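Going by full-length UniProt numbering, the first residue of the sequence shown is number 1, and it counts up by one from there.
Beta carbons: idealized from backbone N, C-alpha and C, even for Gly.
Keep in mind that this is a model prediction, so the values were computed, not measured.
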Amino acid sequence: GVFRVYLSPEPEHPEQPRIVTLHGGGYSGLSWALFTEEITRLIHCQVVSMDIRGHGETKAKDSDDLSIDTLVNDVAQVL
């Protein structure tokens with residue numbers, strides 16, 4: 001599938017953290033926009049948010065399959 005991913009700018013140094021956020025049902029990766037703005041202001045990090053299958057602008061085959069195994073595979077594919 002094609003997953004919509006929202007990325008804050010990469011940190012200046014590779015050892016700085018990357019935070020991956022996942023939204024709840026009925027929402028999208030944009031749910032984390034205010035958090036991303038605040039956390040990147042407080043610490044140097046990158047935030048990765050995505051629209052999980054069946055949500056937001058993600059287009060995935062079998063978008064009704066929201067099993068844990070499928071969602072874990074989707075996130076691993078994006079990362």
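Only exposed fits residue 24, as fewer than 16 other CB atoms lie within 10 angstroms of its CB.
The shortest C-alpha to C-alpha distance from residue 33 to any of 26, 42, 43 and 47 is the one to 47. CA-CA distance, residue 61 to residue 50, rounds to 16 Å. Residue pairing of residue 18 in beta bridges, as defined by DSSP: 46. Annotation: residue 4 to residue 72 spans about 16 Å, alpha carbon to alpha carbon.
Counting along the chain, the unbroken alpha helix (DSSP H) around residue 78 starts and ends at 68–78.
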